[in-house]
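Engineer:
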């Protein structure tokens, strides 16, 4: 829990430097806060003539997709079975996933959507890798580096009103975060893989509501609440199984599930092209 005391100050710093400071709401209404970003990486200059026939364009795209799908499948870390999240039942529908856990007389529900959840910094690493070396090795290496870190909600219900949290992953490009964490964790944790010790999350907002978290329900921005209250809310989540270990497990599951969804999208595109 030593690293938890450092979380709030880092969280406040990232909130101040974050340009996307809009109000976000529960995954019960995911559409209200899903953001679809278009970066320059996905807008290459047109290098073909508009005189080309549709048949040539479709045929060229189909040829590319055949190779691309095979490369993406070969890069899958969990091709047949998704990673498990202990003590949680998982239900998935399209890009959305719901994790459910019963604790005593209460229930914990975690919801998230894997659409556009791959880190931009990882995508830049992918682009750099693809500019050198052999094509297949680049794709495998870059795909393994991509990681999905979704915004997620946590609903805790004890038979009455629901206590809800909106959470997001802490950025992993702050060296001080890793150095502080490494200096406070025990010897056993030092031996873990880096992917299993660098993930953590922050609480962005919290509220209490009766049934549905929407614009009519007041919620508090956690960057302006008392630091001790924020730490106690983190401890409450920890007691319900939502801690650093869960953050790692969720990121692993989300990464594998997002990759599976992406491959499925490519296959649908290929079917469309073949018509």
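Residue numbers (the working numbering): 1 to 275. For glycine and all other residues, C-beta sits at the position ideal for the given N, C-alpha and C.
#1: Tell me the residue span of the beta strand (DSSP E) that contains residue 253.
#2: Judging by CA-CA distance, which residue of 150, 88, 69, 70 is the nearest neighbour of residue 254?
#3: DSSP on residue 218, reduced to helix/strand/coil?
#4: Take residue 226 and list the residues in its own chain whose beta-carbon comes closer than 7 Å to its own, dropping the five residues that flank it on each side.
#5: Grab me the residues of residue 201's own chain with a C-beta within less than 7 Å of its C-beta, minus the 5 sequence neighbours each way, in chain order.
#6: Please name the residue, chosen from 57, 162, 65, 157, that lies closest to residue 106 on a Cα-to-Cα basis.
#7: Taking the C-alpha atoms as reference points, what is the distance between residue 249 and residue 271?
#8: One question on the structure: do residue 95 and residue 252 come within less than 8 Å of each other, judged by their Cβ atoms?
#9: Please name the residue in 69, 208, 216, 57 whose C-alpha comes closest to that of residue 268.
#10: Assuming residue 107 is part of the beta strand (DSSP E), what are its boundary residues?
#11: Alpha carbon to alpha carbon, how far is residue 257 from residue 78? Give it in angstroms, no decimals.
#12: DSSP three-state label for residue 152, please.
#13: Would a C-beta distance cut-off of 8 Å place residue 274 and residue 62 closer than the cut-off?
#14: Quick one: what does DSSP say residue 166 is sitting in, helix, strand or coil?
#15: Which same chain residues, not among the five before or five after residue 119, have their C-beta less than 7 Å away from its C-beta?
#16: Residue 161: which of 236, 228, 89, 209 sits nearest, CA to CA?
#17: Could you please give the first and the last residue of the uninterrupted alpha helix (DSSP H) stretch that includes residue 87?
#18: Count the other CB atoms within 10 Å of the CB of residue 133; is the residue buried (16 or more) or exposed (fewer)?
#19: Quick one: grab the DSSP three-state call for residue 57.
#20: Count the other C-beta atoms from every protein chain shown that fall within 10 angstroms of the C-beta of residue 205, then say buried if there are 16 or more, exposed otherwise.
#21: Report all residues from its chain with a CB closer than 8 Å to the CB of residue 89; omit the five preceding and five following residues, and keep chain order.
#22: Under a Cβ-count criterion, where at least 16 other Cβ atoms within 10 Å of its own Cβ denotes burial, should residue 199 be classed as buried or exposed?
#23: Please classify residue 224 as buried or exposed, where buried requires at least 16 other C-beta atoms within 10 Å of its C-beta.
#24: With a cut-off of 8 Å on the beta carbons, I'd call residue 108 and residue 241 a contact; round off their distance for me.
#25: Considering only the alpha carbon of each residue, which of 163, 64, 114 lies closest to residue 233?
#26: Which same chain residues end up closer than 6 Å to residue 155 when comparing Cβ atoms and leaving out the 5 residues on each side of it in sequence?
Structural biologist: Quick answer:
#1: To locate residue 253, count along the chain shown from 1; it is residue 253. Counting along the chain, residue 253 falls outside any beta strand (DSSP E), though it belongs to the alpha helix (DSSP H) covering 244 to 274.
#2: Here residue 254 is taken as the residue at index 254 of the chain shown, counted from 1. Closest by alpha carbon: 150.
#3: The count along the chain shown starts at 1 and reaches residue 218 at position 218. Judged by DSSP in its simplified three-state form, residue 218 adopts coil rather than helix or strand.
#4: Position 226 of the chain shown, counted from the start, is the residue given in the question as residue 226. Around residue 226: no qualifying Cβ.
#5: The sequence position of residue 201 within the chain shown is 201, counting from 1. Taken in chain order, the residues that qualify are 167, 168, 169, 170, 247.
#6: Mapped onto the chain shown, residue 106 falls at position 106. Here the closest residue by C-alpha is 157.
#7: Here residue 249 corresponds to residue number 249 of the chain shown, with the count starting at 1. Here residue 271 corresponds to residue number 271 of the chain shown, with the count starting at 1. Whole-angstrom Cα-Cα distance: 33 Å.
#8: Position 95 of the chain shown, counting from 1, holds the residue named residue 95. Position 252 of the chain shown, counting from 1, holds the residue named residue 252. Not in contact: residue 95 and residue 252 (Cβ atoms no closer than 8 Å).
#9: The count along the chain shown starts at 1 and reaches residue 268 at position 268. Taking only the C-alpha atoms, the option nearest residue 268 is 69.
#10: Within the chain shown, the letter at position 107 stands for residue 107. Start and end: 106 to 113.
#11: Numbered from its first residue, the chain shown carries residue 78 at position 78. Numbered from its first residue, the chain shown carries residue 257 at position 257. Each residue's alpha carbon lies about 9 Å from the other.
#12: What you label residue 152 is simply residue 152 of the chain shown in a count that begins at 1. In this structure, residue 152 counts as strand in the three-state DSSP scheme.
#13: One-based indexing of the chain shown puts residue 274 at position 274. One-based indexing of the chain shown puts residue 62 at position 62. Yes. Within cutoff.
#14: Translated into positions along the chain shown, residue 166 becomes position 166. Of the three classes helix, strand and coil, the one that applies to residue 166 here is strand, per DSSP.
#15: In the chain shown, the residue the question calls residue 119 occupies position 119. Closer than 7 Å at the Cβ level, and outside the excluded window around residue 119, lie 147, 149.
#16: Residue mapping note: residue 161 aligns to position 161 of the chain shown, counting from 1. Residue 161 has its Cα closest to that of 209, out of 236, 228, 89, 209.
#17: Translated into positions along the chain shown, residue 87 becomes position 87. Neither: residue 87 is in no alpha helix (DSSP H) and is coded neither H nor E.
#18: To locate residue 133, count along the chain shown from 1; it is residue 133. Residue placement at residue 133 is flagged as unreliable, the pLDDT there being 47, under the threshold of 50; a coordinate-derived value is accordingly withheld.
#19: Mapped onto the chain shown, residue 57 falls at position 57. The answer is helix: DSSP assigns residue 57 an H, G or I state.
#20: Sequence index remark: in the chain shown, residue 205 carries index 205 (1-based). Result: buried.
#21: For the purposes of this step, residue 89 is taken as the residue at position 89 of the chain shown. The residues are 99, 100, 101.
#22: In the chain shown, counting from the first residue as 1, residue 199 sits at position 199. Per the 10 Å Cβ criterion, buried.
#23: Working through the chain shown from its first residue, we reach residue 224 at position 224. Result: exposed.
#24: Counting from 1 along the chain shown, the entry for residue 108 is found at position 108. Counting from 1 along the chain shown, the entry for residue 241 is found at position 241. Confirmed, about 7 Å.
#25: Position 233 of the chain shown, counted from the start, is the residue given in the question as residue 233. Ranking the options by Cα distance to residue 233, first place goes to 163.
#26: Locating residue 155 in the chain shown gives position 155, counting from the first residue. Around residue 155, the same chain offers 109, 162, 164 as residues with beta carbons nearer than 6 Å, after the five sequence neighbours per side are excluded.
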